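**Q**
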Amino acid sequence: MAAPLLSWRLCAPHTSHTGAVRPWDWDSKCEDLWLNLEVASSRPVHHIALYAVYLPPPVSCSVLEHFLDNCNSISENNVSMIIVGDFNLRNINWQMVHNNCNSYVAPGLARNLLDFVNLHKFSQLYNITNNKNVILDLVLTDILICTVSKSTNLLSKIDTQHPPLDIVLSLTVDKKLPFNINTKKFNFYKAGYDSIKDHLSNLHWSETFRHLSDVNEMVKVFYNVLWEAIRKFVPYKCFAKKGRYPPWFDRNLIRRLKEKNNLRWRYKLYGNPRDELELEIVSKRCEALAIDRYNFYIKKLEKDLISNPKLFWTFVKSKRGGKGSYPATMKSTSDSPTICGMFAKNFLLAYNDNNCRSNNVCERYHHPSLNAIDNYYYRTFFVPVVTEKMVLSKLQRLDRSKGAGPDDIPPFS
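Numbered per this note's numbering, the sequence shown spans residues 102 to 514.
(1) In terms of residue numbering, what span does the alpha helix (DSSP H) encompassing Ser163 cover?
(2) Work out the CA separation of Asp260 and Asn232 for me, nearest whole Å.
(3) What are the start and end residues of the alpha helix (DSSP H) that includes Phe310?
(4) Rounded to whole angstroms, what is the Cα-Cα separation between Ser408 and Arg498?
(5) Should Trp414 be labelled buried (16 or more other beta-carbon atoms within 10 Å of its own) or exposed?
(6) Just to check my reading of the structure: Ile184 and Leu237 have Cβ atoms closer than 8 Å, yes? What is that Cβ distance to the nearest angstrom?
(7) Answer with buried or exposed for Ile355, where buried requires no fewer than 16 other C-beta atoms within 10 angstroms of its C-beta.
(8) Measuring CB to CB, does Thr309 end up less than 8 Å from Val320?
(9) Indicate the three-state DSSP secondary structure (helix, strand or coil) for Ser302 in the structure shown.
(10) Kindly indicate which residue of Val316, Ser314 and Ser302 has the alpha-carbon position closest to the one of Leu327.
(11) Measuring CB to CB, does Ile175 end up less than 8 Å from Trp127?
(12) Would you tell me roughly how many angstroms separate the C-alpha atoms of Phe223 and Asp243, rounded to the nearest one?
(13) Name the two residues that bound the continuous alpha helix (DSSP H) containing Asp393.
(14) To the nearest angstrom, how far is the alpha carbon of His263 from that of Leu190?
(15) Would you report the Cα separation of Glu317 and Thr434, rounded to the nearest angstrom?
(16) Given Pro512, which residues of its chain have a CB within under 7 Å of its CB, disregarding the five upstream and five downstream residues?
(17) What does DSSP give as the partner residue(s) for Asn137 in the beta ladder?
(18) With DSSP run on the structure shown, which of helix, strand or coil describes Phe334?
(19) Within the chosen definition, does the region 385–398 reach the region 345–353 through at least 3 CB pairs nearer than 8 Å?
(20) Contact check, Tyr371 vs Leu380 under 8 Å by CB: the rounded distance?
(21) To the nearest whole angstrom, what separates the beta carbons of His148 and Val180, a pair I think is in contact under 8 Å?
(22) Taking only the alpha-carbon atoms, compute the straight-line gap between Tyr479 and Pro208 and give it to the nearest angstrom.
(23) When you compare only the Cα positions, how much space is there between Lys298 and Phe287?
(24) Quick check on the DSSP output: the beta strand (DSSP E) that includes Leu270 runs from which residue to which?
(25) Comparing alpha-carbon positions, which option in Asn234, Lys258, Leu134 and Ile229 lies nearest Thr248?
(26) Taking the alpha-carbon positions, what's the Leu402 to Gly293 distance?
(27) Spatial neighbours of Ser296 within its chain, please: C-beta separation below 7 Å, excluding the five flanking residues on both sides.
(28) Is the separation between the beta-carbon of Val235 and that of Leu215 shorter than 8 Å?
(29) To the nearest angstrom, how far is the alpha carbon of Leu390 from that of Arg375?
(30) Does DSSP classify Asn456 as helix, strand or coil?
Structure, rendered in structure tokens:
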């Protein structure tokens, strides 16, 4: 197997422990080797699939497709991947690929490999040419913090066509803010809207805005008055503790599962054959009820997809196992060009991993000519005439099934 000599180094959190498993069922008919690496800290557990492969020349279409199909099936296990090996596809211009050159058209089988790379948002990190000035060995990964360099620690005689390399993986645990179950929020469903209406009707708005000439100050004062009425006439409610069950579990199924768990512990403690028989019966009932509840939930989700799309995304989030907590370290800014640059960087992270590695994203999306354009629009901006009828018309068109806007006030209030 003519493949490069590898030297691995993993930078993981200090409190973590690492384990590796050789998943034999992941192997394909190619000359390959899989290793499933598990790095566990407090939370989360990182699963990394390390893959070494050799595709002998000349690479045929059937061999490459078999290799790609196997990688696609492994990626469904929700693991990060790093694929290293000799692909023998020397006709790919990786420099043009990294520069996102639209005029570049990959020849032959290289197009299939690039489609696979783009599909999984992989990056090719190995750019060291061999003695023939070509790149045969590739390092494909979806791990953002990964560096590849030419190795200086030689373990054997150097193969000039496959120079040795060092791979450094860095794993970081994103610290999340804890969920405070004692946090209160307004219960607008039980608000005293008649009292709010009377309170706002009795205010002398002309006196309130008499000494204000700036429209921004007027809006600020208006919201202060509005929030004063909300705090006075809208009751509070506490957040319910987030459940540990999927959204399609109802109370009946949860009660059956708790009963099953109690029977399991009782049988484990006493070893009574009667408890074993009862546990088997309850387990079958729970399984049948879970399937029934899941099918009912899917039908309801498909039926209410247009009227309640939030239900669909709740289902998707539960399947992915995502968390809704906010990161403890965030970036904030009030500068308009910087805000645009932050949005651009975020979209690049979603659609183009190669470009998001650079730190000058904000500069690329901000040009000095934008200042002149901004100043022009500030000088030529005219406030349109807004009537009460126009405001009421827009308010009546609000979708009451949607959540609150930037002012934290729901549309049904």
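Beta carbons are placed, not taken as given, at the ideal position from N, Cα and C, and that holds for glycine.
Since we're looking at a predicted model, the values are computed, not measured.
**A** Taking the structure as given:
(1) Indexing the sequence shown from 1 puts residue 163 at position 62. Note, Ser163: alpha helix (DSSP H), Cys162 to Ser176.
(2) Within the sequence shown, the letter at position 131 stands for residue 232. Within the sequence shown, the letter at position 159 stands for residue 260. In a straight line, the C-alpha of Asn232 is about 9 Å away from that of Asp260.
(3) Within the sequence shown, the letter at position 209 stands for residue 310. Unbroken run through Phe310: none, as it is neither H nor E.
(4) As a first step, residue 408 is located in the sequence shown; it is residue number 307 there, counting from the start. As a first step, residue 498 is located in the sequence shown; it is residue number 397 there, counting from the start. Cα to Cα, the separation comes out at about 15 Å.
(5) Sequence index remark: in the sequence shown, residue 414 carries index 313 (1-based). It is exposed - the Cβ of Trp414 has fewer than 16 other Cβ atoms within 10 Å.
(6) Counting from 1 along the sequence shown, the entry for residue 184 is found at position 83. Counting from 1 along the sequence shown, the entry for residue 237 is found at position 136. Rounded, the Cβ-Cβ distance is 14 Å, inconsistent with contact.
(7) Counted from its first residue, the sequence shown places residue 355 at position 254. Ile355 is exposed by the Cβ-count criterion.
(8) The count along the sequence shown starts at 1 and reaches residue 309 at position 208. The count along the sequence shown starts at 1 and reaches residue 320 at position 219. Contact: no.
(9) Numbered from 1 along the sequence shown, position 201 holds the residue referred to as residue 302. Three-state result, Ser302: helix.
(10) What you label residue 327 is simply residue 226 of the sequence shown in a count that begins at 1. The candidate whose alpha carbon is nearest that of Leu327 is Ser302.
(11) As a first step, residue 175 is located in the sequence shown; it is residue number 74 there, counting from the start. As a first step, residue 127 is located in the sequence shown; it is residue number 26 there, counting from the start. Result yes, Cβ atoms of Ile175 and Trp127 sit closer than 8 Å.
(12) The count along the sequence shown starts at 1 and reaches residue 223 at position 122. The count along the sequence shown starts at 1 and reaches residue 243 at position 142. For Phe223 and Asp243, the distance between alpha carbons rounds to 5 Å.
(13) The sequence position of residue 393 within the sequence shown is 292, counting from 1. Going by DSSP, Asp393 is part of the alpha helix (DSSP H) stretching over Pro374 to Lys404.
(14) As a first step, residue 263 is located in the sequence shown; it is residue number 162 there, counting from the start. As a first step, residue 190 is located in the sequence shown; it is residue number 89 there, counting from the start. If I take the Cα positions, the gap works out to 13 Å.
(15) Indexing the sequence shown from 1 puts residue 317 at position 216. Indexing the sequence shown from 1 puts residue 434 at position 333. Residue identity differs from the one stated: residue 317 is Asn in this sequence, not Glu. Distance between the alpha carbons of Asn317 and Thr434: 19 Å.
(16) Working through the sequence shown from its first residue, we reach residue 512 at position 411. These residues qualify, in order along the chain: Leu499, Asp500, Arg501 and Lys503.
(17) Taking the sequence shown and counting its residues from 1, the one referred to as residue 137 is at position 36. According to DSSP, Asn137 bridges with Val122 and Ala150.
(18) Position 233 of the sequence shown holds residue 334. Helix.
(19) Output reads yes: the region 345–353 touches the region 385–398.
(20) For the purposes of this step, residue 371 is taken as the residue at position 270 of the sequence shown. For the purposes of this step, residue 380 is taken as the residue at position 279 of the sequence shown. 12 Å between Cβ atoms; not a contact.
(21) Walking along the sequence shown from the start, residue 148 turns up at place 47. Walking along the sequence shown from the start, residue 180 turns up at place 79. Going by Cβ atoms, the distance from His148 to Val180 rounds to 4 Å, so yes, they are a contact pair.
(22) Counted from its first residue, the sequence shown places residue 479 at position 378. Counted from its first residue, the sequence shown places residue 208 at position 107. Confidence is the limiting factor: at Tyr479 the pLDDT is only 45, short of 50, which leaves the residue's position unreliable, though a coordinate-based value still follows. Straight-line Cα distance between these residues: approximately 50 Å.
(23) Counting from 1 along the sequence shown, the entry for residue 298 is found at position 197. Counting from 1 along the sequence shown, the entry for residue 287 is found at position 186. C-alpha separation (whole angstroms): 17 Å.
(24) For the purposes of this step, residue 270 is taken as the residue at position 169 of the sequence shown. Start and end: Leu266 to Ser271.
(25) For the purposes of this step, residue 248 is taken as residue 147 along the sequence shown, with counting starting at 1. Answer by Cα proximity: Ile229.
(26) Here the question's residue 402 lines up with position 301 in the sequence shown. Here the question's residue 293 lines up with position 192 in the sequence shown. Annotation: Leu402 to Gly293 spans about 33 Å, alpha carbon to alpha carbon.
(27) Sequence index remark: in the sequence shown, residue 296 carries index 195 (1-based). Result list for Ser296: Phe334, in chain order.
(28) Here residue 235 is taken as the residue at index 134 of the sequence shown, counted from 1. Here residue 215 is taken as the residue at index 114 of the sequence shown, counted from 1. Using a Cβ distance threshold of 8 Å, Val235 and Leu215 do not count as a contacting pair.
(29) Here residue 390 refers to the residue found at position 289 of the sequence shown. Here residue 375 refers to the residue found at position 274 of the sequence shown. So the two alpha carbons sit approximately 23 Å from each other.
(30) As a working mapping, residue 456 is identified with position 355 in the sequence shown. Because Asn456 sits at a pLDDT of 43, beneath the cut-off of 50, its placement in the model cannot be relied upon, and the following sentence gives the value as read from the coordinates. Helix, per DSSP.
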